[in-house]
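Under this note's numbering, the very last position in the sequence shown is 217; numbers go up by exactly one each time.
Even for Gly, the Cβ is constructed at its ideal location relative to N, Cα and C.
As the structure is a computational prediction, the values presented were derived from the model and not from experiment.
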Amino acid sequence: MHQQSEILEHIQNTNTQYNLAPLPKRIRYPANRTDIASGFPDPLVSKTIEVDVQLLDVYHRILLDLEAKILRQARQHDPICLGLLRSIPGVGKILALTILYEVHDISRFPAVGDFVSYARLVKCAHESAGKRTGSKNNKIGNAHLKWAFSEAAVLFLRGHEPAKRLHQKLVSKYGKAKALSIIAQKLGRVVFSMLKRKMAFDPLRFFQGGVHESVA
Numbered sequence: 002m003h004q005q006s007e008i009l010e011h012i013q014n015t016n017t018q019y020n021l022a023p024l025p026k027r028i029r030y031p032a033n034r035t036d037i038a039s040g041f042p043d044p045l046v047s048k049t050i051e052v053d054v055q056l057l058d059v060y061h062r063i064l065l066d067l068e069a070k071i072l073r074q075a076r077q078h079d080p081i082c083l084g085l086l087r088s089i090p091g092v093g094k095i096l097a098l099t100i101l102y103e104v105h106d107i108s109r110f111p112a113v114g115d116f117v118s119y120a121r122l123v124k125c126a127h128e129s130a131g132k133r134t135g136s137k138n139n140k141i142g143n144a145h146l147k148w149a150f151s152e153a154a155v156l157f158l159r160g161h162e163p164a165k166r167l168h169q170k171l172v173s174k175y176g177k178a179k180a181l182s183i184i185a186q187k188l189g190r191v192v193f194s195m196l197k198r199k200m201a202f203d204p205l206r207f208f209q210g211g212v213h214e215s216v217a
């Protein structure tokens, strides 16, 4: 995925470097990048972009095969938790699989605070000699879960009017960045409860829950 992202970024940067018109569609999808190499007038640059596209097509096939195998394993390994995670609006198979396998076993977290701290959704308190000296250690925890819940927060807002209203309210109070972090943390807390209780996403429970401000 990282290598695929680097190639996509190279194509976008090259397009900008040569002051060409913005690429009209999202080129992460194969159907949207079939003729982009021909848009570069320099033949050597065009050939470079053509090679990039060929590499992207290879990575696309590899990733589809890998995702299918992991999904089949997850459906055998823990179909209940996988289904619960997919019940969250905006959470597709990739985010669900990431959360499922990075959490591994929700019972290893005694309380919701332990879980959201591990997922880097709150700032870790720094203590010395039993005294709290500030919120540091931001690298402690699981970076993959931090990414997954951050992505889930963005997708949760798409086409979900109650979520958009909550986001607007939070933006007016905290600003855009912190508002999105608060929603990511709320999702983390809800996921902890869902996996503990083996219950699907409950919108009423999500929107009635309190807002926690100690975000990372």
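Please tell me whether Ile107 and Lys197 are closer than 8 Å, where the distance is taken between their beta carbons. yes
On the three-state DSSP scale, how would you describe Val123? strand
How long is the line joining the alpha carbons of Met2 and Val113, rounded to whole angstroms? 30 Å
Other residues of its chain near Met200: CB distance less than 8 Å, five sequence neighbours each side excluded: Leu85 and Ser194
Please say whether Ile12 and Asp53 have beta carbons closer to each other than 8 Å? yes
Report the option in Lys174, Asn33, Leu181 and Ile37 whose CA atom is closest to the CA atom of Thr15. Ile37
Distance, Cα to Cα, Ile183 vs Leu156? 14 Å
Round the Cβ separation of Phe150 and Leu188 to the nearest angstrom and send it over; I've been treating them as touching at under 8 Å. 6 Å
May I have the straight-line CA-CA distance separating Asp58 from Gln186, to the nearest angstrom? 35 Å
Under the rule that 16 or more other beta-carbon atoms within 10 Å means buried, what is Ser39, buried or exposed? exposed
Does DSSP put Met200 in a helix, in a strand, or in coil? coil
Within 8 Å, strictly: CB atoms of Arg121 and Leu146: yes
Note down the Cα distance separating Tyr60 from Glu51, rounded to an integer number of angstroms. 14 Å
Thinking C-alpha only, which one of Gln74, Pro23 and Ser47 is nearest Lys94? Gln74
Would you tell me roughly how many angstroms separate the C-alpha atoms of Ala178 and Ala154, rounded to the nearest one? 11 Å
Coarse secondary structure for Thr35, derived from DSSP in three states: coil
The alpha helix (DSSP H) spanning Ser47 covers which residue range? Pro44 to His78
So, helix, strand or coil for Pro25, using DSSP? coil
Using the C-alpha atoms, what's the distance from Ser118 back to Ala130? With a pLDDT of only 41 at Ala130, under 50, the local geometry of the prediction cannot be trusted, and the value read off the model is given with reservation. The alpha-carbon atoms of Ala130 and Ser118 are separated by roughly 21 Å.
Taking the alpha carbon of Val191 as the reference point, which residue from Tyr175, Ser88 and Lys165 has its own alpha carbon closest? Ser88
Roughly how many angstroms lie between the CA atoms of Gln18 and Phe116, to the nearest whole one? 44 Å
Burial state of Thr35, where buried means 16 or more other Cβ atoms lie within 10 Å: exposed
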